[in-house]
Amino acid sequence: MRHTLRAILAFGVILSLVGGMSVSAQEDNAQRNKELIRSAFADLSNGDPSTFYALFPDQFMMNQGDPVLAPMSGADVQAYNDSLMSAMPDLQMVPDVIIAQGDWVAVPVTLSGTFTQPYSFAPITTAPVEPNNQPIRWTETDFIRFDEAGLISEVWGISDPTVQFGQMGIFPMEGGDAPAEGTSMTEPV
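So this note's numbering is basically just the index in the sequence shown, starting at one, shifted up by 1.
Structure, rendered in structure tokens:
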């Protein structure tokens with residue numbers, strides 16, 4: 002009986018030590034991932050997107066309101082962000098809060114800039130959209146999963162593109178107005 006009790010106690014101590022190590026490793030990963038996101042957005046807002054782009058592997062999974070995850074590439078992210086940064090040279094991407102647990106980071110982000118240069122991004126517009134020299138501000142919330150190497154493996158993005166694109170004049174924010182001529186919104190889907 003005494004040996005059984007010792008064995009149970011020893012097993013319990015070992016189990017709690019091993020379990021504690023995995024919790025500690027998860028906390029370490031969460032803090033690492035949180036810092037990766039914080040510095041990437043800070044560098045990007047200071048005009049250096051390289052830290053941000055370095056987080057994206059050649060292929061990862063993305064969901065932006067669709068019912069399923071779809072493959073996306075780091076080059077896709079770079080093309081979209083480069084087009085935004087070209088159209089709004091003062092673009093800021095400021096995390097409102099960064100919450101991390103294990104491999105996941107949740108981050109609501111406020112994006113803002115002055116639309117001073119033509120905007121061209123093929124999936125959104127068929128022709129460059131002329132700038133309106135107005136401040137543009139919108140928010141998105143991203144749920145980001147990191148892999149063991151500290152690269153993004155999955156992103157669930159939530160935003161309302163009508164806020165951003167409406168302010169840019171790509172299509173009107175008010176219901177009932179006709180879409181701006183020369184935009185992809187004038188063509189049937």
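Note that beta-carbon positions come from the ideal geometry of N, C-alpha and C, so glycine has one too.
The structure presented is a predicted model; accordingly, all values stated were derived computationally and were not measured.
Give the straight-line distance between the Cα atoms of residue i and residue j, rounded to the nearest whole angstrom.
i	j	result
ALA128	PRO58	29 angstroms
MET22	GLU36	At MET22, the pLDDT of 46 sits below 50, so the modelled position is not reliable and the matter cannot be decided from this model.
ASP67	TRP157	10 angstroms
ASN192	ALA101	The structure shown does not extend to residue 192, since the chain is modelled only from 2 to 190, so the question has no answer here.
Of the residues the options, which one's Cα is nearest the Cα of residue i?
i	options	result
GLN1	LEU85, ARG146, LYS35 and ILE145	Missing from the structure shown is residue 1; the chain here goes from 2 to 190 and no further.
GLN46	GLN168, THR163 and VAL110	The sequence given here places Ser at residue 46; Gln does not occur at that position. It is VAL110 whose Cα lies nearest to the Cα of SER46.
MET94	GLY48, ARG33, GLN102 and PHE42	PHE42
VAL192	THR163, GLU155, THR140 and ASP49	With the chain running from 2 to 190 in the structure shown, residue 192 is simply not present.
GLY48	PRO72, GLN32, ASP91 and MET62	ASP91
MET63	THR52, GLY75 and PHE53	GLY75
Do residue i and residue j have their C-beta atoms closer together than 7 angstroms?
i	j	result
ASN133	PHE122	no
ALA88	TYR120	yes
ILE171	VAL130	yes
VAL108	ILE153	no
ILE137	GLN118	no
ASP97	PHE147	no
Count the other CB atoms within 10 Å of the CB of residue i; is the residue buried (16 or more) or exposed (fewer)?
i	result
ILE145	buried
LEU112	buried
THR142	exposed
Open item on the list: Under 8 angstroms, with one C-beta from each stretch per pair, do the region 76-96 and the region 51-67 reach the 3-pair mark?
Closed with: Yes, since at least three Cβ pairs between the region 76-96 and the region 51-67 fall closer than 8 angstroms, the two stretches touch.
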